[in-house]
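2 protein chains.
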Amino acid sequence: MNSSDAVVLAVDVGGTTMKGAVVTVGGETVVTATRPTPATDIVRALVDLLEHLAAEAATRGLSVESAGVVTPGMVDEETGTVLFASNLNWRDVPLLAQLRSLLPFPIAVGHDVRAAGLAEKLLGAARGSENYVHIPIGTGVAAALVSSGRTITGALGATGEFGHIPVIAGGEPCVCGQNGCLEVYASGGGVARRYVAAGGEALSTRQIVAQLGVDPIADEVWGDAVRVLAQGLTIMTLLLDPDIIVLGGGFSQAGAALLDPLRVGLANGLAWRDAPRVVQSQLGSEAGRIGASVLAMQVAGHEARLAEWAVAH
Amino acid sequence: MNSSDAVVLAVDVGGTTMKGAVVTVGGETVVTATRPTPATDIVRALVDLLEHLAAEAATRGLSVESAGVVTPGMVDEETGTVLFASNLNWRDVPLLAQLRSLLPFPIAVGHDVRAAGLAEKLLGAARGSENYVHIPIGTGVAAALVSSGRTITGALGATGEFGHIPVIAGGEPCVCGQNGCLEVYASGGGVARRYVAAGGEALSTRQIVAQLGVDPIADEVWGDAVRVLAQGLTIMTLLLDPDIIVLGGGFSQAGAALLDPLRVGLANGLAWRDAPRVVQSQLGSEAGRIGASVLAMQVAGHEARLAEWAVAH
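Here the protein sequences line up with chains A and B, keeping their order.
Counting from 97, one number per residue, gives the positions in the first sequence under this note's numbering.
Counting from 97, one number per residue, gives the positions in the second sequence under this note's numbering.
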């Protein structure tokens, strides 16, 4: 078999959908498949999707070398155990062991946000950086932290809970049970909720941003979001000293309306040092799935070939 | 020469004093010497101290293998350059190159707080942990961050500026030029200043803690300090997921008056995950100097022998 016929499978398991793909070891995506995440028996549905992807590969004469699966929550990447994932209603799920017992190829299990961070480094906005932070901002907020080229995973696989850092003492309540968390103010979910609470209609982040300058409620809610996010990025910079901060997720689509005031706020928050660069993600919602394929390449022993992916993009 | 005659030199350069020692490669401290840090020509005074330590070693028939020097500020440990150290009035000082040109043995230059963190892991309160945070709290506050056994150094050698993370939006001014920094409230300097500002006398942290329960100003200022520090440790835990947080410096001498309410505050701040252990430093003000000797052991190729130090302690 020619190595150009070798492929890896990748699935990004989210609370709403499971995004899968078949990717050649040279970095070409040949099949994608997205399925809804069921309320129960998620592992069964995940195995179905992986088997579907493997069958799609087989019909094309492609040989599956490995699979990479990424999930949200607290993930112990060494044992492949998901300690806790509220979106999936999982607690202590030995995902890697379960998948290994059901599938015939090597498998890697990782954390969605950390894997997305790897993808942004390999192919996206953090290319070339050894010290960066990747912050996807959607309904909620998370972060992947990379220092000296290595992902910071922590004692329990629970690093980067940036959305829940307490930034406003005695602030508004968060779904997590605390008050004043960053994502209460600075997330798609937070901005939409606070816009309605202040008397506005139910609008998306995009729609609220479109009202800036003409709608005082939009100005106020967005101003709070930018101010709190700048405070969070200041904290991140002072603790971790990244040279680049990549903002992802739907929220980052706001572009200049977000990035311009955010850069000013971050620079003002750093009295005695320069601010790191703050840029928008290049891979967007594909970053998690691409990250899963990177993990699959690593578990298959094809890490060296990832250099080709960087060139191809 | 017997390897038991081999020693390393260690100096912890602080804003007030330079603490030096001669330490055998087996981990025994045979000489210590502390000198005031001069206002100018600090490198000259540092070289004098190292030469004095080397002479003390020579009179005992001991052979100097290397020296380790740690300093505060932003330190690029690869090049041995101190990018900025306000206490020493240094900017872009090529310390390693200067010391190498003046001294005949291998030299390592490191960051005082990160080196102290290494010492706490080897010999102190973080023994056995691969994911910990060491936070010396004195006049100001800093932090050494270790993940998967590796010190997080960042893009500019400027990680761990925990004392300056903004925790109270629009809070009291800090010497750094910002407002609402953690150390404005939760440090030896901050507590003493706020106690006076609230109408109290000029007292030390120790004296203020002794007034708890009988002096409402002490209760208020200390309560603020604990609350802000708990908020900071919550942020640290959510971002970095350590399994142990080691508190050092004079402030941590408060013992239970600090640790008991702090542990409660941290647990309350972490809605969905367990808190890491919070403990007091075991090495205290010696941690930086011991860390410098660890760096000296590494540069001399004696890293394997550090295992003996752990046993000896």
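Each residue gets a CB set at the ideal place from its N, CA and C atoms; glycine is no exception.
With 16 or more neighbouring CB atoms inside 10 Å of its own CB, residue 385/A falls in the buried class.
Linking residue 228/A to residue 343/A through their CA atoms gives a straight-line distance of about 11 Å. Counting C-beta atoms within 10 angstroms of its own C-beta, residue 186/B has 16 or more neighbours from the protein chains shown and is therefore classed as buried.
Distances from the alpha-carbon of residue 371/A to those of 336/A, 381/A, 217/A and 380/A put 336/A closest. Relative to residue 160/A, the option among 309/A, 323/A and 395/A whose CA is nearest is 395/A. In this structure the segment 291-306 of chain B does not lie against the segment 326-336 of chain B, because fewer than three pairs of beta carbons, one per stretch, are closer than 8 Å. DSSP places residue 372/B outside both helix and strand once states are collapsed to three, so it counts as coil. By the C-beta density criterion, residue 283/B is buried, having at least 16 other C-beta atoms within 10 angstroms. A distance of 7 Å or more separates the beta carbons of residue 213/B and residue 189/B.
A check of alpha carbon separations from residue 288/B across 261/B, 302/B, 201/B and 352/B identifies 302/B as the nearest. Note on geometry: alpha-carbon atoms of residue 153/B and residue 359/B lie some 45 Å from one another. Within chain B, the residues placing a beta-carbon under 8 Å from that of residue 249/A are 243, 244 and 337, ordered along the chain.
If only complete runs of 4 or more residues are kept, the segment 267-292 of chain B shows the alpha helix (DSSP H) at 278-281, in order along the chain. Secondary structure at residue 144/A: helix, using DSSP grouped into helix, strand and coil. The beta carbons of residue 165/A and residue 142/A sit about 7 Å from each other, so the pair counts as a contact at 8 Å. Counting C-beta pairs with one atom in each stretch, the segment 166-184 of chain B and the segment 197-210 of chain B have three or more that are closer than 8 Å, which means they touch. With its beta carbon at least 7 Å from every one in chain B, residue 394/A lies outside the interface. The beta carbon of residue 273/B falls within 7 Å of a beta carbon belonging to chain A, placing the residue at that interface. Annotation: the continuous alpha helix (DSSP H) that includes residue 361/B extends over 352-365. Among the residues of chain B, those whose CB is under 8 Å from the CB of residue 327/A are 262 and 265, following chain order. With a beta-carbon spacing of about 15 Å, residue 106/A and residue 216/A fall beyond the 8 Å limit used to define contacts. Looking at 137/B, 357/B, 252/B and 317/B, the one whose alpha-carbon comes closest to that of residue 174/B is 252/B. Between residue 244/A and residue 226/A, the gap from beta carbon to beta carbon is short of 7 Å. The beta-carbon distance between residue 192/A and residue 111/A, rounded to whole angstroms, is 20 Å. This is too long to meet the 8 Å contact definition. Around the beta carbon of residue 286/A, 16 or more other beta carbons lie within 10 angstroms, which makes this residue buried. Ranked by how close their Cα comes to the Cα of residue 149/B, the residues 137/B, 128/B and 134/B have 128/B in first place. In the assembly as shown, residue 318/B is a buried residue. Its beta-carbon has 16 or more other beta-carbons within 10 Å. From the beta-carbon of residue 368/B, the residues of chain A found nearer than 8 Å are 180, 182, 272 and 273. In terms of CA proximity to residue 300/B, 235/B leads the group 223/B, 235/B and 124/B.
Excluding the 5 residues flanking it on each side, residue 145/B has same chain C-beta neighbours closer than 7 Å at 107, 114, 116, 129 and 131, in chain order. Under the three-state reduction of DSSP, residue 340/B is assigned to strand.
When DSSP states are grouped into helix, strand and coil, residue 246/B belongs to the strand group.
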